[in-house]
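Chemist: Protein chains in written order, with the numbering used here: chain A, 1 to 283; chain B, 284 to 434.
This is the structure we're talking about:
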């Protein structure tokens with residue numbers, strides 16, 4: 001392996017993958033399912049000297065325990081859907097990715113790096129307060145997904161690191177995900193909303209996490225909205241008021257798919273649908 | 284780099300770049316006719332092939348990935364000139380108009396029906412979501428697949 005300067009590399013375990021990444025750093029593109037990464041090459045956004053394919057690295061697993069969920073980075077959407085006991089938002093986000101080939105190719109880890117108008121799993125994972133497990137030259141590092149996005153295709157990952165797993169600790173009791181696409185069974189995401197709540201004994205919100213996707217290159221948490229609904233009993237009035245703050249201070253994408261005005265309105269509608277459903281006892 | 288793989292049962296050896304897509308290699312280098320370029324971003328399904336039996340967009344698969352694997356195109360489904368049940372159903376239902384999407388549609392139908400011989404409408408539409416027919420002949424395509432599914 002020491003002579004490798006370029007090519008299509010297929011490490012067989014995490015240590016090998018990391019040592020290749022240490023050597024090649026940003027000259028190498030890490031590829032799992034390929035659905036997003038290969039487009040970076042074919043659309044000439046990047047020209048990597050080497051490909052580090054994770055196809056032989058055993059990161060294809062879902063571990064569901066009583067108080068945590070851990071998903072290997074190369075787990076496909078199809079495999080994720082088959083797992084029992086996933087938080088509802090994550091399950092719904094996975095099911096909203098349509099098409100036999102896409103479900104079988106796209107991976108959970110890859111989805112974290114996939115920009116709008118795709119990457120719906122990241123929106124759900126963000127609302128579940130997921131943590132990314134990164135492995136690099138200096139060992140393991142945990143980064144909350146809420147602290148991972150730095151800008152368009154810019155991430156809080158070092159050149160010698162590889163994403164190996166996504167972990168959700170203390171999955172919230174209530175969670176839901178909704179997205180809107182131009183047509184029912186496929187197509188780019190115009191907007192997606194994922195929300196998770198824990199309620200206390202009196203029905204007050206103890207913990208609230210709200211994530212929005214499709215509005216910006218990568219999903220974000222609506223912290224202001226979370227603050228507005230935490231510690232309170234949810235009512236339609238409170239939900240409607242909070243909805244107006246979802247895109248506060250956010251520059252929303254305005255393109256041929258939808259205007260920024262439309263996306264903002266749509267995000268509010270999806271948010272209200274989710275939270276109304278929570279107070280009426282659904283999930 | 285040199286890769287070796289089985290293409291429709293035949294051994295193939297070809298020099299590729301690590302950034303070449305499988306679609307490019309199949310279509311431009313080897314001259315496979317049934318694998319089409321449509322969108323190049325995994326939306327249309329015109330480039331679909333089976334890799335070790337699994338449905339893949341060849342436009343989103345790097346050529347290096349198939350080294351040592353088996354690639355099957357729609358051309359290998361018929362045996363001794365005898366079409367498969369799904370292919371016959373496409374003919375009988377006039378499910379091909381211009382034919383550009385047909386290889387991908389047939390491969391998707393094949394994989395779906397192997398996994399799930401009697402799909403509901405919901406499951407059928409979900410599975411076919413990654414295949415676009417620009418002639419918009421979806422009704423005959425759905426009818427063809429339904430005619431061979433066990434209900």
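No residue lacks a Cβ here, since even glycine has one placed at the ideal position from N, Cα and C.
(1) My output table needs one value for residue 167 of chain A: the three-state DSSP class, helix, strand or coil.
(2) What's the C-alpha gap between residue 140 of chain A and residue 153 of chain A?
(3) Excluding the 5 residues flanking residue 270 of chain A on each side, which residues of the same chain have their C-beta closer than 8 Å to its C-beta?
(4) Exposed or buried, what is residue 144 of chain A when buried is set at 16 or more other beta-carbons lying within 10 Å of its beta-carbon?
(5) Which residue wins for smallest C-alpha separation from residue 105 of chain A, given the options B:351, B:307, B:338 and B:368?
(6) Under 8 Å, CB to CB, which of the residues in the stretch 356–379 of chain B have a partner in chain A?
(7) For residue 227 of chain A, does the count of other Cβ atoms within 10 angstroms reach 16, so buried, or fall short, so exposed?
(8) Thinking C-beta only, is residue 87 of chain A closer than 8 Å to residue 168 of chain A?
(9) Quick one, which of A:274, A:30, A:25 and A:26 has its alpha-carbon nearest residue 10 of chain A's?
(10) Let me check you understand the geometry: is the CB of residue 324 of chain B closer than 7 Å to at least one non-hydrogen atom of the ligand HEM?
(11) Given residue 85 of chain A, which residues of its chain have a CB within under 7 Å of its CB, disregarding the five upstream and five downstream residues?
(12) Please confirm whether residue 104 of chain A has its beta-carbon closer than 8 Å to some beta-carbon of chain B.
(13) Could you check the C-alpha separation between residue 200 of chain A and residue 66 of chain A for me, to the nearest Å?
(14) Does the beta-carbon distance from residue 21 of chain A to residue 160 of chain A come in below 8 Å?
(15) Does the CB of residue 83 of chain A have a neighbour CB from chain B at under 8 Å?
(16) Mark residue 237 of chain A as exposed unless 16 or more other C-beta atoms lie within 10 angstroms of its C-beta, in which case mark it buried.
(17) State yes or no: is the beta carbon of residue 41 of chain A nearer than 8 Å to at least one beta carbon in chain B?
(18) Would you mind telling me which residues of chain B sit closer than 7 Å to residue 114 of chain A, beta carbon to beta carbon, in chain order?
(19) Measuring straight from C-alpha to C-alpha, what distance separates residue 382 of chain B and residue 388 of chain B?
Modeler: Let me spell this out:
(1) strand
(2) 22 Å
(3) 178, 179, 180, 191, 192 and 193
(4) exposed
(5) B:338
(6) none
(7) exposed
(8) yes
(9) A:30
(10) Inclusion of the ligand HEM in the displayed structure is not the case, the ligand content being empty and no account of it being possible.
(11) 64
(12) yes
(13) 19 Å
(14) yes
(15) no
(16) exposed
(17) yes
(18) Here the premise fails: no neighbours, minimum Cβ distance about 11 Å.
(19) 10 Å
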